[in-house]
Amino acid sequence: MSSAKPFNKVTVFGAGGTNIGHHLVKALLSRPGIFTVSIIARKSSKSTFASEAKVHYIEDELPHERLVEVLRGQDVLVSAIGFGAIQLETKLIDAAIEAKVRRFLPSEYGVNNTYQAARDLCPVFDAKGAIVDLLKEKELEGLTWTSIPTGLWLDWALNPDIAFANINLRTHTASVWAKGDHKLSWTTLPWAAEGIVQIILAGEVSANKVVPIRAFEASQNEIIQILESVQKVKYRVTNIDPDSVIPESQKIWREEKKGPAALTLVKAGFFLGGYGSNLVDEGIVPTGNEYLTLSPLSVQDIVREATRLWG
Ligand SMILES: NC(=O)c1ccc[n+]([C@@H]2O[C@H](COP(=O)([O-])OP(=O)(O)OC[C@H]3O[C@@H](n4cnc5c(N)ncnc54)[C@H](OP(=O)(O)O)[C@@H]3O)[C@@H](O)[C@H]2O)c1
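Each residue of the sequence shown is one higher than the one before, counting from 80 in the working numbering.
Listed below in structure tokens is the structure:
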């Protein structure tokens, strides 16, 4: 048992929208006896936030002095910023160090971005990996960190407006990467958020480590098969050829820095073997599931709920 003081005061940056930051705040607020929850939001934010959390609105440029002011006395700063703005985490880290925040969680929540093959594949993974490198460099300045890959969120990916897995449950169409048989790790938004909070509760054991959490492994083909049996319809499936799409997207990214090319490479990283998206079989570090008290997730239940919502 660690003798270190538990983490009680937690600030979330990137709590807007409906994705992981929103769910993290919810999971933290569900333990009012343990956590006092604050949010840092940009003044331009259009998001609404739970009234039980203290919200600090600060200038969009995230001025250092103001960040330090609102972070003083906080134990943990969790970043849930969208992937397009990962670079801003350098400002959060500098301010957290000066404010003597004890733990920083970068906005990871996907694959293990310290995996070199993933970093070489995709600029988003590389940018996130560079943040972990920076955190390692800053350890001597007193800030500890925990990076938490959560696999892909199946509930989010099945929303047909997102169709991140290129599986559309409204049009009954899918495009699978290669043969569609790579089993990657999955969670859902609420499960991942609860897991992240339980890793925060685990305290010192996760200091300065990548601690992946995962609920189950499944391939694109398996998800399609479950959808077919739930919806009683045959999907029209095409295949994406990684040997042409990856070099083409990398070229577009190198020459034009276009977001859709980066996103295609994120998908390649999740849906193909070799980039660490199976956090168990391809894991380069042990998972942190042993610290969780979460019930297992049923992929069938998630698919049924998605078809009820959007089918
Ligand atoms: N595993 C998965 O399936 C999966 C899926 C999607 C994303 N992710 C990862 O999860 C992390 C969070 O992504 P997300 O989709 O949850 O985030 P998001 O909804 O895109 O963004 C979260 C919040 O970050 C704030 N934000 C966005 N851009 C910003 C900027 N330029 N400057 C300052 N604040 C900004 C916004 O707050 P306001 O609206 O209040 O301004 C926004 O609501 C990322 O690292 C992403 O790569 C994982």
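Each residue gets a CB set at the ideal place from its N, CA and C atoms; glycine is no exception. Source: prediction; values computed, not measured.
Near ligand 1: residue i beta-carbon under 7 Å from a heavy atom
i      : result
Lys125 : yes
Trp235 : yes
Glu273 : no
Ile221 : According to the sequence provided, residue 221 is Gly. The question's Ile does not apply to it. No; taking the cut-off as 7 Å, the Cβ of Gly221 has no heavy atom of ligand 1 nearer than that.
Tyr354 : no
Glu138 : no
Ala281 : no
Tyr188 : yes
Strand pairing of residue i, partner residues [DSSP]
i      : result
Arg182 : Val155, Thr223
Phe350 : DSSP, once it has assigned bridges, lists no residue as partnering Phe350.
Phe295 : Trp265
Thr317 : Ser254
Asn247 : Thr252
Val289 : Ser226
His119 : Here residue 119 is Ile; the residue named in the question, His, does not match the sequence. In the DSSP output, where bridge partners are listed per residue, Ile119 has Phe92, His135.
Span of the alpha helix (DSSP H), counted from its first residue to its last, around residue i
i      : result
Ala236 : 233-236
Lys105 : 99-108
His143 : 143-150
Ile210 : 202-216
Val382 : 378-389
Ala174 : 168-177
8 Å CB neighbourhood of residue i in its chain, flanking five on each side removed
i      : result
Gln379 : Ile305, Val309
Arg383 : Val309
Leu263 : Gly230, Leu231, Glu296, Ala297, Ser298, Phe349, Phe350, Ser356, Asn357
Tyr314 : Ile246, His251, Thr252, Ala253, Ile303, Leu306, Glu307
Lys88  : Phe114, Thr115, Ser117, Gly152, Gln153, Asp154, Val155
Gly338 : Gly163
Thr103 : Note on identity: in this sequence residue 103 is Leu, with Thr being the wrong assignment. Taken in chain order, the residues that qualify are Val91, Ala94, Val157, Ala159, Ala272, Ile275, Val276.
Residues near residue i by beta carbon distance below 7 Å, same chain, minus five either side
i      : result
Phe295 : Trp265, Leu376, Val378
Ser328 : Ala340, Thr343, Leu344
Gly112 : none
Met80  : Confidence at Met80 is low in this model, with a pLDDT of 45, below 50, so its placement is unreliable and the value that follows should be read with caution. Result list for Met80: empty, nothing under 7 Å.
Ile99  : Ala159, Tyr188, Leu268, Ala271, Ala272
Pro365 : none
Beta-carbon contacts of residue i that lie in its chain and below 6 Å, excluding the five residues immediately before and after
i      : result
Glu361 : Gly355
Val180 : Leu150, Gln153, Leu156
Phe86  : Asp154, Val155, Ile279
His143 : Ala174
Ala286 : Thr223
8 Å Cβ cutoff met for residue i and residue j
i      : j      : result
Phe183 : Leu213 : no
Asn191 : Leu371 : no
Ile57  : Trp235 : Residue 57 lies beyond the range of the chain shown here (80 to 390); nothing can be said about it.
Ile160 : Leu167 : yes
Gly353 : Ala106 : no
Val155 : Ala178 : no
Ala132 : Gly282 : no
Ala206 : Ile165 : yes
Trp256 : Ile319 : yes
Ser124 : Gly95  : yes
Thr386 : Leu248 : yes
Val211 : Thr225 : no
Gly367 : Pro291 : yes
Beta strand (DSSP E) segment containing residue i, residue limits
i      : result
Ile113 : It is not in any beta strand (DSSP E) - Ile113 carries neither H nor E in the DSSP assignment.
Phe92  : 88-92
Lys133 : 133-137
Ala253 : 252-256
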